[in-house]
Structures are given as C-alpha cells and as structure tokens.
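Structure, as structure tokens:
Numbering (my numbering), first residue to last: 4 to 299.
Have a look at this one:
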C-alpha cells in the first residue's frame, strides 16, 4: 500500500466493519419490518381512497406490492454484502452472486402475485401460476446447488503466501470500493427517475453487467499473483458464470431459470475440478482435509 491507496482501503475497512456490525444488522432488520408494515398500511389506505392525491398517485393499490418492495430492499442489502465479499476469495464472492440470483428468482415469483386478484384466485390466471412455480423451482434448484458448491469449497487449497495474499486483498478492496460507489450512483439515479415519473431501469440487472467487468478486472489482477494456467482458468470460469447470470436475468421466465441453474452447475463442476485435480501451490506440509465432526 502507498500513501494514495492506504486511506481508501481504510475507508473500505470502516464501511465493512459498520455494515457487518451486530447493532447495524439489528437496526436494519427492524427497519425492514417497519417498512413492510408501513407499506401495507399506505397501500390499504390508498385502496380505500383515504390518501391525498399527491400521495395516491405514487402508491400502489395492490397489497402484494409491499412484498415485492420489501424483497427489493433485501436484495439491496445482499448486493452490499456481495461488494464486501469481493476482497475475499473469488469462489466466495461468486457464491454470493448466486445467492443473489436465488433471491431475484424468489422476488420474481412474488412479483407474479401482483398479477392476481385479491383475495387470490387462480381461475383464469394459469399462466401466472406457471411462471410463479417456474421461478420458485429455479430458486430452489440454485439453493440446492449452492449447498453442493459450498461443500466443494470446504477443502480449497490456499493459493498464496500470506504477504502476497495481503497485497492481493488490498487490490481487491480498491476494486470493491469502486463497485460500491457504482451501485450507489446507479441506485440514486434510478430513484430520481422514479420520483420524476420517468422510465427507469432494473438496477440489479445492470449491476450484474458491472460485475462482469469487475470479475474480469479481478482475473487480470490475480494473474499478477497467480500466473499458473489452472488459476487463470478457474478465475476466468467464475467470471463466465457471472456472464451466465446476467443473461439469465434478461431472459423470459423459463429460459431464465434454465440459464441460471446451468450457470450454477457450471460453477459447481469448475469448483470440484479445480479443487480435486489441480493445486496452485505445493501442499506437502498441509494437513489432510478433515471432515466436520458430525460426519466422522
């Protein structure tokens, strides 16, 4: 680290410590509950026609909109968590991206509820039920495969010496800080479009485009510290899985689920092959991988 990068890394560390602190998590959890209940109350008042016009024009009358909006806030928190996971191992940050994909598929399923009457009646809305079930099944498949992915990561080899690893992590913290700033700018710009009543975009979809370039940048940075072929292939493969996720988010429901689950399968196979058949550094002095006590 030099005089220019040290303050930036310090800013990142402080933001991460604040975001991951237990009091912050408690306050955020309470805020989500408050927002959900407040949104339901406002929607109910609007459906009864009890809100002034300037508020009624900007508040939905569909009760299920409160669920979708709250899930969107949960996704925002997960994206922030993803940014703070970037300085960690590439495999962990990619796993976080798939966690967000699973939540996006769940959000899409809940979105379909807004196309149903209240109280819920599926008569004449079979297409809505099919899309809801498809997104739900896709989210479940990604969730199950994530378990296999994390299981394959339990004995991943340590790639770098501690002093080199520190430099690599510092570089990724700088990248993560830029990504965090990009996400905040995208969110604020999109919010301004919504407030002004102009056409807006899906921040999460466009953010995955940013992640594609971010992952490629991290691959290039990693090559400085891990020039071996299998390390480059592994990291590039994870970047490719991010591209698959981006494609899944822009496809129609069925194809979206197929591409998303396929991306998860690709990441699982890549992880298993990398950890099973390749090592980046000698492991002569490393103890054998131990199974958890519950599996002995």
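Yeah, the Cβ is synthetic: ideal placement off N, Cα and C, and Gly gets one too.
Roughly how many angstroms separate the alpha carbons of residue 199 and residue 205, rounded to a whole number?
-> 16 Å
What is the rounded straight-line gap between the Cα of residue 67 and the Cα of residue 8?
-> 46 Å
Please confirm if the region 45–56 is in contact with the region 213–223, defined as three or more CB-CB distances below 8 Å between the two stretches.
-> no
Would you identify the three-state DSSP class for residue 202, choosing helix, strand or coil?
-> coil
From what residue to what residue does the alpha helix (DSSP H) around residue 26 run?
-> 25–50
Any idea if residue 87 is buried or exposed, counting beta-carbon neighbours within 10 angstroms, 16 or more meaning buried?
-> buried
Is residue 176 near residue 46, with beta carbons less than 7 Å apart?
-> no
Please confirm whether residue 2 and residue 155 have their CB atoms less than 7 Å apart.
-> This structure does not reach residue 2, given that the chain is present from 4 up to 299, and the question cannot be answered.
Determine, using beta carbons only, whether residue 113 and residue 71 come nearer to each other than 7 Å.
-> yes
So, using beta-carbon positions, are residue 247 and residue 266 closer together than 7 Å?
-> yes
Let me know the secondary structure DSSP gives residue 280 once reduced to three states.
-> helix
Which class does residue 115 belong to by DSSP, given the choice of helix, strand or coil?
-> helix
Residue burial classification, residue 257 (beta-carbon count within 10 angstroms, cutoff 16) = exposed
Quick one, are the C-beta atoms of residue 95 and residue 85 less than 7 Å apart?
-> no
What separation, rounded to the nearest whole angstrom, lies between the Cα atoms of residue 261 and residue 130?
-> 18 Å
Per-residue burial, residue 147 [other beta carbons within 10 Å of its own, 16 or more giving buried] = exposed
Assuming residue 278 contacts residue 93 (C-beta within less than 8 Å), just tell me the rounded distance between them.
-> 13 Å between Cβ atoms; not a contact.
Hey, residue 64 and residue 50: beta-carbon distance below 7 Å or not?
-> yes
Local conformation of residue 189 per DSSP, three classes = helix
Would you kindly check if the distance between the Cβ of residue 251 and the Cβ of residue 152 is under 7 Å?
-> no
Rounded to a whole number of angstroms, what is the C-alpha to C-alpha distance between residue 167 and residue 101?
-> 28 Å
Note down, one range per segment and in chain order, each beta strand (DSSP E) of at least 3 residues found wholly within the region 209–263.
-> none
Chain-order list of residues whose beta-carbon lies under 8 Å from that of residue 38 (same chain, five-residue window excluded) = 72, 73, 76
Which class does residue 67 belong to by DSSP, given the choice of helix, strand or coil?
-> coil
For the alpha helix (DSSP H) that contains residue 134, what are its first and last residues?
-> 129–155
For residue 10, which of helix, strand or coil comes out of DSSP?
-> helix
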